[in-house]
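Enquirer:
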Amino acid sequence: MSTALTPPADAAAPVRHPEAPAPGELLGAHYEYCFGCGGGQPHGLHLEARAGEGVSLTAEFTVTAAHQGAPGLAHGGVLATALDETLGSLNWLLRVIAVTGRLETDFVRPVPVDTVLFLEAEVTAVAGRKIYSRATGRIGGPEGPVAVRAEALFVEVKVDHFIDNGRPEEIQAAMADPDQVRRARAFEVNP
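Just so you know, the sequence shown maps onto residues 29 to 219 in the numbering used here.
#1: Does D112 pass the burial test, meaning 16 or more other C-beta atoms within 10 Å, or should it be called exposed?
#2: Just the Cα atoms here: how many angstroms apart are L75 and G156?
#3: By alpha-carbon positions, which one of V83, P140, G67 and E88 ends up nearest to H45?
#4: Quick one, which of D142, G97, L33 and A79 has its alpha-carbon nearest A118's?
#5: Please report how far the alpha carbon of E60 lies from the alpha carbon of P70, in whole angstroms.
#6: What is the residue span of the beta strand (DSSP E) that D148 lies within?
#7: In whole angstroms, what separates the C-alpha of T152 from that of I159?
#8: Measure the alpha-carbon distance for G105 versus I167 and round it to whole angstroms.
#9: Taking Cβ positions, are T128 and F63 nearer each other than 8 Å?
#10: Using only alpha-carbon positions, find the residue among P99, A110, G72 and L122 that is nearest to P49.
#11: Determine the burial state of L147: buried for a count of at least 16 other Cβ atoms within 10 Å of its Cβ, exposed for fewer.
#12: I need the straight-line Cα distance from A41 to P99, nearest angstrom please.
#13: Thinking C-alpha only, which one of P36, A39, A163 and H58 is nearest T133?
#14: In terms of DSSP beta bridges, what is Y160 paired with?
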């Protein structure tokens with residue numbers, strides 16, 4: 029782990045927001061066209077995350093033929109994306125808008141096509157705008173062998189980060205969504 033992923037000595041323990049989804053609740057897609065969690069991406073991960081206890085969650089995604097790198101195996105970049113999406117979803121439990129600042133990934137074993145990857149993630153510390161977290165991906169279930177793991181640093185941003193840098197038509201569509209929760213979630217993770 030790099031020193032950039034080590035919380036400073038004065039970092040605080042994470043605190044779950046009082047209005048965060050309840051443990052076990054499905055978080056749903058933050059944006060229909062998100063490659064990680066959106067249903068509008070035919071070859072996306074369609075990752076589904078559920079709130080856990082404290083500032084933790086679980087998620088699952090099934091590796092399909094569209095996610096291959098080597099024949100019959102998940103592409104490493106797809107696995108890193110699954111970890112990034114899972115870690116980014118933690119910010120919903122803090123009720124902050126944050127983007128990935130650093131993601132360090134360890135690939136432990138190959139993940140075959142048609143495998144369900146079970147992911148667990150938690151926020152470990154918060155220091156100002158910096159949010160430190162980690163995740164593990166296991167093959168086939170919560171007790172399966174570890175395939176991938178990551179540590180990450182997310183940085184809290186204002187919604188202007190997306191408004192100033194995103195394509196106006198997508199930003200306007202997200203802002204116009206009548207579902208308050210989906211509108212808020214559209215700006216919660218990865219730019």
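Beta carbons: idealized from backbone N, C-alpha and C, even for Gly.
Small disclaimer: the values here were computed from a predicted structure and weren't measured.
Expert: So, from the listed chains and residues:
#1: Buried, by the Cβ-count rule.
#2: Spanning the alpha carbons of L75 and G156 requires a straight line of approximately 29 Å.
#3: Ranking V83, P140, G67 and E88 by Cα distance to H45 puts V83 first.
#4: Sequence check: residue 118 is Leu here, not Ala. The residue among D142, G97, L33 and A79 with its C-alpha nearest the C-alpha of L118 is A79.
#5: E60 and P70 have their alpha carbons spaced roughly 11 Å apart.
#6: Reading the sequence as shown, one finds Glu at residue 148 and not Asp. Its beta strand (DSSP E) spans residues V144 to A155.
#7: Rounded to whole angstroms, the separation of the alpha carbons of I159 and T152 is 8 Å.
#8: Computed Cα separation, rounded: 17 Å.
#9: Not closer than 8 Å, so no.
#10: Nearest of P99, A110, G72 and L122 to P49, Cα basis: L122.
#11: Per the 10 Å Cβ criterion, buried.
#12: Computed Cα separation, rounded: 43 Å.
#13: The option with the nearest alpha carbon to T133 is A163.
#14: According to DSSP, Y160 bridges with A153 and L181.
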